[in-house]
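A.B. asks: First the structure, then my questions, so here it is.
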Amino acid sequence: MVQLDQLSLARQLDIVFRELEEELGGLTSGTVFVQIRNNIIGKFGIRHNPLAGRNGVIAPCEEGLSEAQQYSFRMMALESLKHKRHWTHGEISYEFMVRQGMVVVDAILESNYNMASLMIRYPRHTYPEAASKS
34 MVQLDQLSLA
44 RQLDIVFREL
54 EEELGGLTSG
64 TVFVQIRNNI
74 IGKFGIRHNP
84 LAGRNGVIAP
94 CEEGLSEAQQ
104 YSFRMMALES
114 LKHKRHWTHG
124 EISYEFMVRQ
134 GMVVVDAILE
144 SNYNMASLMI
154 RYPRHTYPEA
164 ASKS
């Protein structure tokens, strides 16, 4: 069995999109998100409003992303990984919608850092201003 830490982030993201195919097939907009820790995708999913109502009536679900639109979306998501630099923890969100038959995607890359882990790398005596105040 292959371990997640043996798969590239791009391969993991490809697996995420394959897992979400059925759900994306019923949506025309929303946000796909992936949470990353140590360059491994943990939690992932889709944020969306599946029901829309007007005048007291819930509208039936529209047909979602086609196979070609999902492929295009997945390729744009994989391309966005080229803009991830020097961080291993964070979240990537892909806001998507269908406009004039094409899927439009905005990618938001969020890096997360932990000050406690940095304090191990940068001990207090490293900063002269901190040493002079103690």
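Going from the sequence shown to the working numbering is simple: count from 1 and add 33.
Glycine included, each C-beta is placed from N, C-alpha and C at the ideal position.
#1: Quick one, which of M148, P156, G97 has its alpha-carbon nearest M135's?
#2: From Y127 to R87, what does the alpha carbon distance come to, in whole angstroms?
#3: Is Y104 helix, strand or coil when you go by DSSP?
#4: Out of curiosity, what's the CA-to-CA distance linking S144 and N71?
#5: Quick check on A101: buried or exposed, where buried means 16 or more other Cβ atoms within 10 Å of its Cβ?
#6: Going by DSSP, name the residue or residues bridged to A140.
#7: Can S105 and H81 be called in contact, C-beta distance under 9 Å?
#8: Hey, could you find the ends of the alpha helix (DSSP H) Q39 is sitting in?
#9: Considering R154, what are the terminal residues of the alpha helix (DSSP H) in which it resides?
#10: With H, G and I counted as helix, E and B as strand and the rest as coil, what does DSSP make of Q133?
#11: Which same chain residues end up closer than 6 Å to F50 when comparing Cβ atoms and leaving out the 5 residues on each side of it in sequence?
C.D. replies: The structure says:
#1: G97
#2: 27 Å
#3: helix
#4: 11 Å
#5: exposed
#6: Y127
#7: no
#8: Note, Q39: premise wrong, no alpha helix (DSSP H); not H, not E.
#9: 148-154
#10: coil
#11: R107
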